[in-house]
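In the numbering used here, the protein residues as written are 67 to 517. From the three backbone atoms N, C-alpha and C, an ideal C-beta is built for every residue, glycine too. Keep in mind that this is a model prediction, so the values were computed, not measured. All remarks here apply to the structure that follows.
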Amino acid sequence: MMDTYLGFPQTPFEQPVFLTIGNFDGVHRGHQMLVTDLARAAHAAGGLAGLLTFEPHPLAVLRPAVRILRLTSNEERAAALAALGLDFVIVLPFTSETAATPAADFMQQIVRRLPLRELWVGPDFALGRGREGNAARLAELGQTLGYRVRVVAPYDWQGEPVRSSRVRSLLTDEGAVEAAADLLGRPYQVWGEVALGARRGHTIGFPTANLALPEDRLVPARGVYACWAWHDAAGYPAAVNIGVRPSFDNGQPTIEAYLLDFDGDLYGETVGLSFIHRLRGEKRFADIAALIAQIGADAETTRRLLADPPTHADPPGQRPWQELVHTADWAIRVAGADPRNLFANAAAAMYALQEADPAQPVTLARAVRAEADGWADLLVAWLNRLLFSQELAGEMYTRFELFELSERGLAAVAYGYRGAPAHTSVKAVTYYDLAVEETAEGWRAQVTFDV
């Protein structure tokens, strides 16, 4: 469980602290690599892994004329960091006084409040007045203040470092949501409250949810997108229009989501959108009939694109698991190249035993989060979360994407269709003979199911 502190904690930590400092907006692949390695090093040394960040964004103080558009809310960022194994986040206020603080004074404040053992930074990182506290200066200060500096190389994607600014440019300039997802390690996502719209969609047979987002949230470029729409952890295919509704006259920017398989009133509810594909740019139509035809085509394209989502599991034909001889319950031994592949393969095996049909087109998604203390406990929590949703919602899952994953937690999406096991169903995952281990060939697990 990750703790969040507004200011330095009142009760001093007893364990040594491994710390990184930054905004970490978006929690992209570079952030994920740094935090994962930081947490692994801290826990191996019996310490705590933490992030020190600022609110508001430093640029809001340093360059107030520049509008800062965020990739993640504070809550979304915290959830992603927790799943990566971080133990705590400290949020400090950023003011003009903070900006004028010399690096030496700032680091002295930290070591007075935290038993700092290591500070992890990127090669371009700097803090303090005039950005004087670069990696070399911080290492020099550490010799006096008793901490070490570890400089982490940037994470490159297609020959360029992954940065939050690069993600923002892809989304706002081009609406390149697939390229942005490559850098983020997951689809770009926004959350907002469904506001009352003009209800024109209802009059033409395509009711839409109109999302109101915070003013500082980044919205992709205008156009139409295939998305997963999220409500209460359930995902629905959605065709989403971002723009000014060029076929009407009021010119107000909107985010309108047509949920393909949803029947209900979402007004006042919180809904999320995961942007998967950009279908087209904005277009003005000569008449309502042409608009209706295009919306219908967009909906069908969305359904087709989302029917075959990616998965971290091996293809069904490879069958990276074997059923073990067992007197009563089902037991399997499953393999994976890494923990992400292992967890996806274990889920795929559990549904193969229940005769889920991987050839069925995907029509729904289910967001899953789990926390635990260690890989074995987390595997049980992951599989039991899936079984709970299966039973509660009448869903069968065939594809599994794990976005954030550490031995402390995970954030994932399971894709599938409405249905139930044809014969025997798994009731729960047990701890009997449970094992998860890394071997020379990869990762292995043994799991027993109660049927």
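Chain-order list of residues whose beta-carbon lies under 6 Å from that of V400 (same chain, five-residue window excluded)
W387, N411, A412, A415, A511
My guess is that A323 and V310 are in contact by the Cβ rule of under 8 Å, so how many angstroms apart are they, rounded?
So it is not a contact: roughly 16 Å between Cβ atoms.
Under the rule that 16 or more other beta-carbon atoms within 10 Å means buried, what is I308, buried or exposed?
buried
At what residues does the alpha helix (DSSP H) containing P405 begin and finish?
405–419
Helix, strand or coil at D222 [DSSP, three-state]:
strand
On the criterion of 16 or more Cβ atoms from any shown chain inside 10 Å, does G383 qualify as buried, or is it exposed?
exposed
Between which two residues does the alpha helix (DSSP H) containing Q98 stretch?
95–110
Look up W387 in the DSSP assignment and give the residues it is bridged to.
V400
Contact under 8 Å by Cβ, V101 with L152:
yes
Among the residues of its own chain, which have a CB less than 7 Å from the CB of S455, if the five just before and after it don't count?
R432, E461
Determine the direct distance from the alpha carbon of F272 to that of L541, and round the result to whole angstroms.
Outside the shown range of the chain (67 to 517) lies residue 541, about which nothing can therefore be said.
How would you write the range of the alpha helix (DSSP H) that R435 sits in, first residue to last?
Segment 430–437 is the beta strand (DSSP E) holding R435; no alpha helix (DSSP H) there.
Counting only runs that start and end within the segment 162–249, where is the beta strand (DSSP E) found for 3 or more residues in a row?
182–187, 214–217
P280 and V243 - do their beta-carbons sit closer together than 8 Å?
no
Does the Cβ-Cβ distance between Q426 and T464 come in under 8 Å?
yes
Per DSSP, M462 is paired with what?
Y483
The beta strand (DSSP E) that contains I156, what's its start and end?
154–159
Would you give the residue range spanned by the alpha helix (DSSP H) that E507 belongs to?
Note, E507: premise wrong, no alpha helix (DSSP H); not H, not E.
Please look up how many angstroms separate the CB atoms of V434 and Y483, rounded, as I've assumed it's under 8 Å.
V434 to Y483, Cβ: 17 Å. No contact.
Meets three-Cβ-pair contact criterion under 8 Å: the segment 139–156 and the segment 295–306
no
Q318 in three-state terms, based on DSSP:
Since pLDDT at Q318 reaches only 45, below the 50 mark, its modelled position is unreliable, and the value read off the structure follows with that caveat. In this structure, Q318 counts as coil in the three-state DSSP scheme.
Strand pairing of E335, partner residues [DSSP]:
DSSP output for E335 lists no bridge partner at all.
Is DSSP giving Q255 helix, strand or coil here?
strand
Check the C-beta distance from L444 over to G485 and give it rounded, since I have them as a contact under 8 Å.
That belief does not hold up - the Cβ atoms of L444 and G485 are roughly 27 Å apart, past 8 Å.
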